[in-house]
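Participant: Numbering (the numbering used here), first residue to last: 57 to 357.
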Amino acid sequence: MFKNSKGQVRTGWLIFVTLIVTFIIQAIFMLPVEMYALFTMSSDSTGVFKMDRSDIMSGRPWLDVFSYACGYVAALISLLLLWKFLNKKKIQDLGFGLFLKNIIFGLLLGAVSIAIIFFILLLTDNIELINSLSNPNFTTYSVTYLIFFILVGLFEELVFRGYIMSTLADRGRRKVTIYIVSALIFGIAHLANQNVTPLGIFNIFLVGILFAYMYDKTQSLWTPIGYHITWNYFQGNVFGFPVSGTTPYGVYTIDVSGGNDIVTGGPFGLEGGLLATLLISFGFICTHLFSGKKNKASIRV
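In structure tokens, the structure reads:
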């Protein structure tokens, strides 16, 4: 049941156990900070006890990001150890080579994609800009969420692309299967997000396919990591859109209530709109043009 004819742990079980262990470790290392916040900061001025995490952490961005940092760093280390000792593979096999040009390309493409969507929505009156482009409002959240989204990009790409795709490839799965399975698990992981919509989940699945294509085509994990970081950061902390349903803290404040939700994404954020579908699709073309012929590297998808 658990092992194949070669005596190896079956691929599905290997991925399942690794994900469960990784997320448990993430929760364990976040717990002390979360408990500290709960018992020291959970009463407001009226003495009312608050249980909602967003309320407890509101106005405490450094504590918030420290909690996530503890969890993500521990989870990253545990995943690398599982890859080395459970999968019995080298860390470099995950695709950490070819750093500079690929991280720059990914960062630029993610930022430019979100900027294009923002200006299209602005010019078509689907959003209203509250503070002018010449008057950005930088706050502590501009820094803490940059750290947060760097950690998110590193962790999610290492899990959903680096680990899952490399494990499937090592077991001889077909490329189309590798792409779809990694993107499906990525989409499922976002099903519980606030204000989620069918189009939002489809776009997350589609961007999961794009991340897989980036990883495969450039033979570097840094390409999807870069794109993932700026795709999230420019949505929420530059242009002020919700990121997959989360509360934005942008340097610009926008009002999307007068726009068409099928275009703007509504409360879920840009990922719930058709413009995101188009720009994600545009990412495939850009990646193809950027990568040209496949680089020689250690990952084989």
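Glycine residues also receive a C-beta, built at the ideal position from the N, C-alpha and C atoms.
1) Here's a check: name, in chain order, each residue in its chain whose Cβ is nearer than 7 Å to the Cβ of Phe204, leaving out the five neighbours to either side.
2) Assuming Gly243 and Phe261 are in contact, meaning their beta carbons sit under 8 Å apart, how far apart are those beta carbons, in whole angstroms?
3) Would you identify the three-state DSSP class for Ile285, choosing helix, strand or coil?
4) Grab the span of the alpha helix (DSSP H) containing His344 for me, first residue to last.
5) For Met270 and Phe152, I'd like the C-alpha separation in whole angstroms.
6) Please state whether DSSP places Leu55 in a helix, a strand or coil.
7) Which partner residues does Thr320 have in the DSSP bridge list?
8) With three or more beta-carbon pairs closer than 8 Å as the criterion, would you say the stretch 76-85 touches the stretch 124-142?
9) So Glu327 is in the alpha helix (DSSP H); what residue range does that whole segment cover?
10) What whole-angstrom Cβ distance do Ile234 and Ala245 have, given they're in contact under 8 Å?
11) Restricting to Cα atoms, I'd like to know which of Val73, Asn182, Gly166, Phe194 is closest to Ile206.
12) Check each candidate in Leu247, Ile265, Asn251, Asn259 and name the one with the smallest Cα separation from Lys231.
13) My output table needs one value for Thr24: the three-state DSSP class, helix, strand or coil.
14) If you draw a straight line from the C-alpha of Ser190 to the C-alpha of Phe340, how long is it?
15) Expressed to the nearest angstrom, what Euclidean distance is found between the alpha-carbon atoms of Ile159 and Lys273?
16) Whose C-beta lies closer than 6 Å to the C-beta of Ile186 among residues of the same chain, with five residues either side of it excluded?
17) Which residues in the same chain have their Cβ closer than 6 Å to the Cβ of Phe174, if we skip the five residues on either side of it in sequence?
18) Assuming contact is defined by CB atoms lying nearer than 8 Å, are Val263 and Ile176 in contact in what I supplied?
Facilitator: This is what the structure gives:
1) Val121, Tyr124
2) 4 Å
3) If DSSP states are grouped into helix, strand and coil, Ile285 belongs with the helices.
4) Note, His344: alpha helix (DSSP H), 330-347.
5) 13 Å
6) There is simply no residue 55 to check, as the chain begins at 57 and stops at 357 in what is shown.
7) For Thr320, which the question treats as bridged, DSSP gives no partner whatsoever.
8) yes
9) It is not in any alpha helix (DSSP H) - Glu327 carries neither H nor E in the DSSP assignment.
10) Actually they do not touch by this definition, with Cβ atoms about 17 Å apart.
11) Per the Cα distances, Gly166.
12) Ile265
13) Nothing in the structure corresponds to residue 24, since the chain is present only between 57 and 357.
14) Their Cα atoms are separated by approximately 32 Å.
15) 14 Å
16) Thr309
17) Phe295
18) no
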